[in-house]
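>
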Amino acid sequence: MNISEAPIYSPSPSDQLNPKFDNVFPMEIWDLIANYGDLKSSTMLMVNKTFMQTFASKLYDTLQLTIVISTLTKMKLNDKSFLKYGFDKKEVLPGLKSQVEARHKYNKNYDYEYLETEILRDRWVDYYVNCSNFNEEQHKHPKPTKFLERKNKPEEIKSIYKIKYIMKNVFHNPQSKMKQFIKEVLIDVCVLDEMDKLLSDSNDLSKLIKENYSNPSSNEKISILRTSCKNPVVPLDDNFEKRRWEDQDETNERYQVFADKVLFSLRRSKILDLFPRDVYFKELSTVHLLSREMYSSQLRRRLFNLTDENTFNKANPVRYWCDRLLYYLNHTANPLNLDPLYTLIINAQIRVDIKHRQVETKAGINKFLSELIQPFTTPGQHLQF
125 MNISEAPIYS PSPSDQLNPK FDNVFPMEIW DLIANYGDLK SSTMLMVNKT FMQTFASKLY
185 DTLQLTIVIS TLTKMKLNDK SFLKYGFDKK EVLPGLKSQV EARHKYNKNY DYEYLETEIL
245 RDRWVDYYVN CSNFNEEQHK HPKPTKFLER KNKPEEIKSI YKIKYIMKNV FHNPQSKMKQ
305 FIKEVLIDVC VLDEMDKLLS DSNDLSKLIK ENYSNPSSNE KISILRTSCK NPVVPLDDNF
365 EKRRWEDQDE TNERYQVFAD KVLFSLRRSK ILDLFPRDVY FKELSTVHLL SREMYSSQLR
425 RRLFNLTDEN TFNKANPVRY WCDRLLYYLN HTANPLNLDP LYTLIINAQI RVDIKHRQVE
485 TKAGINKFLS ELIQPFTTPG QHLQF
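If you want our numbering, it's the 1-based position in the sequence shown plus 124.
As structure tokens, then:
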């Protein structure tokens, strides 16, 4: 989906130039034509108001906003170490040093970054963690008792630019025409590290959360549950305080051990590019387990049925991922051999690709997160879905 193509409806010349365009065929026929021709709903809704009514409801019924945030602490340590001690390996990309120098200088004025990520296809990981013998019904996600489950596939939006655009022009815009088509909003905020620091830096956000947590009865639409689960990860040399290896042949050998665990051959080179370019590796496990490739829309929606923290401890994305790993390990030839599990986690982390990054200040992050949750938490100002 490309929100920038048609995020919000606005009158266009086509409304006046083609007032009867939709009368050539009934809208049901245009719907079939769009499906048969694989035409984008975002394009069709721009034709005129009648088309907007038909296709906007398909495109915007359910939105899933996926937001990945990290402090710049690790990146700054990474870049400083690289500029002081040099390359960890012999083979490097041309111009990499100048790129890291420019990034390090630019990032001095910022504290956080948004990451737009993509989950690359990996049939091996999908096969072993989506075993037919381990289905969604085996996990402790309670089904709704008073209404039918929604089955439609959410429209996922990961670009921070598009998310901010929707927040401004839909969520916070009382005149928005598109708001009438939105029936459901699912939001994932994935903080890669230093969550406590993020909350302490975001005074307005902390205040908003504390008010709703301390007095949830004042807002019947809000329930707050907390859990603490450990996510198994595989780190790769996060020591930035000194030159990590004097012997570059040993360095290449250590990286190659990880690369050999990557079963998709075209992805093995990513291991060699983690430092100093991409920086994150173990942290990306959280992005992976929260993705809808691993945690379905059905289970995500069932979280709204949870009423107590005991149930939430049994039913959440981290627990679900850990249960699948444990199931996989127990069904290997030798459950005492952790190497297959180690390989699976590495492949899960490496399949998360960083497509775009945008740095931000403390004040900018504070403002963004506060504006993100305010329409859903402030009494009398809820989005009406």
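We put the CB at the ideal spot given by N, CA and C, even for glycine.
Remember, predicted model here, so these are calculated numbers, not experimental data.
Just the C-alpha distance for E495 and M302, rounded to the nearest angstrom, thanks.
As a position in the sequence shown, residue 495 is number 371, starting the count at 1. As a position in the sequence shown, residue 302 is number 178, starting the count at 1. Looking at the two C-alpha atoms, the distance is approximately 19 angstroms.
> Whole angstroms are fine: how far does the CA of E237 sit from the CA of Y444?
Indexing the sequence shown from 1 puts residue 444 at position 320. Indexing the sequence shown from 1 puts residue 237 at position 113. Their backbone Cα atoms lie some 28 angstroms apart in a straight line.
> How many angstroms separate the CA atom of D235 from the CA atom of E484?
In the sequence shown, counting from the first residue as 1, residue 235 sits at position 111. In the sequence shown, counting from the first residue as 1, residue 484 sits at position 360. Taking the straight line joining both Cα atoms gives about 6 angstroms.
> With distance defined between alpha-carbon atoms, name the residue in S421, Q188 and E365 nearest to I311.
Residue 311 sits at position 187 when you count from the first residue of the sequence shown. It is Q188 whose Cα lies nearest to the Cα of I311.
> Less than 7 angstroms between C-beta atoms, sequence neighbours within five positions excluded: which residues of the same chain meet that for R367?
As a first step, residue 367 is located in the sequence shown; it is residue number 243 there, counting from the start. The residues are Y209.
> Helix, strand or coil: which one does DSSP assign to V386?
For the purposes of this step, residue 386 is taken as residue 262 along the sequence shown, with counting starting at 1. V386: coil per DSSP, three-state reduction.
> Return the bridge partner residues of E308 from the DSSP annotation.
Position 184 of the sequence shown holds residue 308. For E308, which the question treats as bridged, DSSP gives the partners T186.
> Taking the continuous alpha helix (DSSP H) assigned at L460, which residues delimit it?
Translated into positions along the sequence shown, residue 460 becomes position 336. Neither: L460 is in no alpha helix (DSSP H) and is coded neither H nor E.
> Can you tell me which of the three DSSP states K479 falls into?
In the sequence shown, the residue the question calls residue 479 occupies position 355. Reduced to three states, the DSSP call for K479 is strand.
> Nearest CA to the CA of Y451: which residue from F364, C353, V309 and Y251?
In the sequence shown, the residue the question calls residue 451 occupies position 327. Measuring from the Cα of Y451, the nearest candidate turns out to be Y251.
> So the candidates are I497, L427 and N461; which of them puts its Cα closest to the Cα of R350?
Counting from one through the sequence shown, the residue named residue 350 turns up at place 226. That would be L427, whose Cα lies nearest to the Cα of R350.
> Would you list the residues sitting across from E237 in a DSSP beta bridge?
Position 113 of the sequence shown, counted from the first residue, corresponds to residue 237. BP columns for E237 point to S194 and V483.
> Kindly indicate the opening and closing residues of the alpha helix (DSSP H) around I281.
Taking the sequence shown and counting its residues from 1, the one referred to as residue 281 is at position 157. No alpha helix (DSSP H) holds I281; the beta strand (DSSP E) holding it covers E279 to I281.
> Taking 8 angstroms as the cut-off, does the segment 273-287 touch the segment 189-206 (at least 3 CB pairs, one atom from each stretch)?
The segment 189-206, when compared against the segment 273-287, does touch it at the 8 angstroms Cβ threshold.
> What residue does the alpha helix (DSSP H) around I287 start on, and which one ends it?
Here residue 287 corresponds to residue number 163 of the sequence shown, with the count starting at 1. Unbroken alpha helix (DSSP H) run through I287: I284 to I290.
> So, at 8 angstroms on beta carbons, what are the nonlocal neighbours of P266 in its own chain, with the 5 sequence-adjacent residues on each side left out?
The sequence position of residue 266 within the sequence shown is 142, counting from 1. Answer for P266: R426, N429, L430, T435 and A439, listed in chain order.
> Below 8 angstroms, how does it come out for the segment 385-398 and the segment 225-232: are there three or more Cβ pairs, yes or no?
These segments do not touch.
> Mark H480 as exposed unless 16 or more other C-beta atoms lie within 10 angstroms of its C-beta, in which case mark it buried.
Along the sequence shown, read from residue 1 onward, the residue named residue 480 stands at position 356. By the neighbour-count rule (16 or more Cβ atoms within 10 Å), H480 is not buried but exposed.
> CB-CB under 7 angstroms to T456, same chain, minus the five flanking residues each way: which ones, in chain order?
The count along the sequence shown starts at 1 and reaches residue 456 at position 332. The answer, listed in chain order, is P464.
> Taking the straight line between their C-alpha atoms, what separation do you get for E417 and I469?
Here residue 417 is taken as the residue at index 293 of the sequence shown, counted from 1. Here residue 469 is taken as the residue at index 345 of the sequence shown, counted from 1. Those two C-alpha atoms are separated by around 15 angstroms.
> Note down the Cα distance separating S205 from Y404, rounded to an integer number of angstroms.
Along the sequence shown, read from residue 1 onward, the residue named residue 205 stands at position 81. Along the sequence shown, read from residue 1 onward, the residue named residue 404 stands at position 280. The alpha-carbon atoms of S205 and Y404 are separated by roughly 15 angstroms.
> May I ask you to report which of helix, strand or coil DSSP gives V313?
Mapped onto the sequence shown, residue 313 falls at position 189. In this structure, V313 counts as strand in the three-state DSSP scheme.
> Can you tell me which of the three DSSP states N348 falls into?
Taking the sequence shown and counting its residues from 1, the one referred to as residue 348 is at position 224. The amino acid at residue 348 is misidentified as Asn; the sequence shows Ile. The answer is coil: DSSP assigns I348 none of H, G, I, E or B.
> Enumerate in chain order the residues of its own chain whose CB-to-CB distance from P441 is below 6 angstroms, with the five nearest sequence positions on each side excluded.
Mapped onto the sequence shown, residue 441 falls at position 317. Excluding sequence neighbours, P441 sits near L413, L414 and Y419.
> Quick one: residues in its chain with C-beta nearer than 7 angstroms to the C-beta of F382, no 5 flanking neighbours on either side, listed in chain order?
Here residue 382 is taken as the residue at index 258 of the sequence shown, counted from 1. Excluding sequence neighbours, F382 sits near L360, I395 and I470.
> Under a three-way DSSP split, which group does E273 fall into?
Residue 273 sits at position 149 when you count from the first residue of the sequence shown. In the structure shown, E273 sits in coil (DSSP, three-state: anything other than H, G, I, E or B).
> Between H263 and Q422, what straight-line distance do the alpha-carbon atoms span, to the nearest angstrom?
Position 139 of the sequence shown, counted from the start, is the residue given in the question as residue 263. Position 298 of the sequence shown, counted from the start, is the residue given in the question as residue 422. For H263 and Q422, the distance between alpha carbons rounds to 12 angstroms.
> Beta-carbon within less than 8 angstroms of N355's beta-carbon, same chain only, minus the 5 sequence neighbours each way: which residues are those?
In the sequence shown, residue 355 corresponds to position 231, counting from 1. The residues are S409, T410, L413, V442, W445 and C446.
> Decide if R475 is buried, meaning its Cβ has at least 16 other Cβ atoms within 10 Å, or exposed.
Against the sequence shown, residue 475 aligns to sequence position 351. Buried is the call here.
> What first and last residue would you give for the alpha helix (DSSP H) that runs through V411?
Translated into positions along the sequence shown, residue 411 becomes position 287. V411 -> alpha helix (DSSP H) spans L408 to L414.
> Could you spell out where the alpha helix (DSSP H) holding L435 opens and where it closes?
Within the sequence shown, residue 435 is the residue found at index 311, counting from 1. Leu is not the amino acid found at residue 435; the sequence shown has Thr there. Counting along the chain, the alpha helix (DSSP H) containing T435 begins and ends at E433 to K438.
> Can you give the Cα-Cα distance for Y184 and N297, rounded to whole angstroms?
Indexing the sequence shown from 1 puts residue 184 at position 60. Indexing the sequence shown from 1 puts residue 297 at position 173. Computed Cα separation, rounded: 16 angstroms.
> Tell me, please, which residues DSSP counts as bridged to E242.
For the purposes of this step, residue 242 is taken as residue 118 along the sequence shown, with counting starting at 1. Partner(s): D477.
> For K574, count neighbouring C-beta atoms within 10 Å of its own C-beta (all shown protein chains included) and say buried if the count is 16 or more, exposed if not.
The displayed coordinates of the chain run from 125 to 509. Any statement about residue 574 would go beyond what the structure contains.
> Can you grab the Cα-Cα spacing for the pair T241 / I478, in whole Å?
Position 117 of the sequence shown, counted from the start, is the residue given in the question as residue 241. Position 354 of the sequence shown, counted from the start, is the residue given in the question as residue 478. If I take the Cα positions, the gap works out to 5 angstroms.
> For D203, count neighbouring Cβ atoms within 10 angstroms of its own Cβ and tell me buried if that reaches 16, exposed if not.
Reading the sequence shown from its first residue, position 79 is the one you call residue 203. So D203 ends up on the buried side.
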